[in-house]
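Novice:
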Amino acid sequence: PERRLAALEAAGRLRIPFTTGILVGIGETPEERVDSLFAIAELHRRYGHIQEVIIQNFRRKPDIRFRAKDEPSALEMARTIAVARLILPPEISLQAPPNLTPDAYTLYLLAGINDWGGISPVTRDHINPEAPWPAIAELAAASADAGFELRERLAVYPRFHTAAWLPPRVLARVTELL
1 PERRLAALEA AGRLRIPFTT GILVGIGETP EERVDSLFAI AELHRRYGHI QEVIIQNFRR
61 KPDIRFRAKD EPSALEMART IAVARLILPP EISLQAPPNL TPDAYTLYLL AGINDWGGIS
121 PVTRDHINPE APWPAIAELA AASADAGFEL RERLAVYPRF HTAAWLPPRV LARVTELL
């Protein structure tokens, strides 16, 4: 955690909009998750650069050290998401990958996420290629049922589309894409 927090702090000092997250179910305690979330919130309060926090559930794979470890339940994920929503400032988007809990991901909307992340009908999840993305129409319907509207966005969140956060060439390209 120290190196990760040092990288987050360096990004803040350099005014780099940043995405970070926590991985749930690798042996950490609920208290350690809370500590991580408070540390992220504090760095954001200092620098204002955290654009989103991903709450990602661990998934077993046959070729990894934790291959025998239990995966976190959807309820454990929802609890972690709800706690994150309470700890993190409201301008930080909160996301959880819908493809890693296909039978329960709508619960995440009710727990506090406001972003599905990098879902795509044409590219696979490169970290979890065995877990296909839900159909866009399915996510749109689930989002609407929970009172949200599914919208496309750039990788850099709108509040960072300014000269204070983006180099001129990048800002010009972002402006073209909007």
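Start counting the sequence shown at 1; every next residue gets the next number (my numbering). C-beta: ideal position from N, C-alpha, C; glycine also. In this text the structure is predicted, and so the values were computed from the model without any measurement.
Report yes or no: do the segment 44-64 and the segment 14-24 share at least 3 C-beta pairs separated by less than 8 Å?
Specialist: Contact holds: three or more Cβ-Cβ distances are below 8 Å.
Novice: Does the distance from the CB of L154 to the CB of V174 come in under 8 Å?
Specialist: Result yes, Cβ atoms of L154 and V174 sit closer than 8 Å.
Novice: So what's S36 in DSSP terms, helix, strand or just coil?
Specialist: Helix at S36.
Novice: N57 by DSSP, collapsed to three states: which one?
Specialist: It is a strand residue.
Novice: So what's E52 in DSSP terms, helix, strand or just coil?
Specialist: Strand, per DSSP.
Novice: Look up S93 in the DSSP assignment and give the residues it is bridged to.
Specialist: Paired residues: E52.
Novice: According to DSSP, is V24 helix, strand or coil?
Specialist: If DSSP states are grouped into helix, strand and coil, V24 belongs with the strands.
Novice: Just confirm the distance between the C-beta atoms of E258 and R60, as a whole number of angstroms; I'd bet it's less than 8 Å.
Specialist: In the structure as shown, the chain begins at 1 and stops at 178. Residue 258 is therefore absent and cannot be evaluated.
Novice: Is the separation between the beta-carbon of G117 and that of I54 shorter than 8 Å?
Specialist: Yes, the pair counts as a contact, with Cβ atoms nearer than the cut-off.
Novice: If you draw a straight line from the alpha carbon of P62 to that of G27, how long is it in whole angstroms?
Specialist: Between P62 and G27, the C-alpha separation is close to 18 Å.
Novice: Verify whether the separation of the beta carbon atoms of I81 and A96 is less than 8 Å.
Specialist: Yes, they are a contact pair.
Novice: Starting from V181 and walking both ways along the alpha helix (DSSP H), at which residues does that stretch end?
Specialist: The shown model of the chain, from 1 to 178, leaves out residue 181, and the question about it has no answer.
Novice: As a quick exercise: from F58, A7, R65 and V83, pick the residue whose alpha carbon is nearest that of L37.
Specialist: When only C-alpha atoms are compared, the closest one is V83.
Novice: Starting from the C-beta of L178, find all residues in its chain whose C-beta is less than 6 Å away, skip the five residues before and the five after it, and write them out in chain order.
Specialist: No residues qualify anywhere along the chain.
Novice: Using DSSP with H/G/I as helix, E/B as strand and the rest coil, what is T19?
Specialist: Three-state result, T19: strand.
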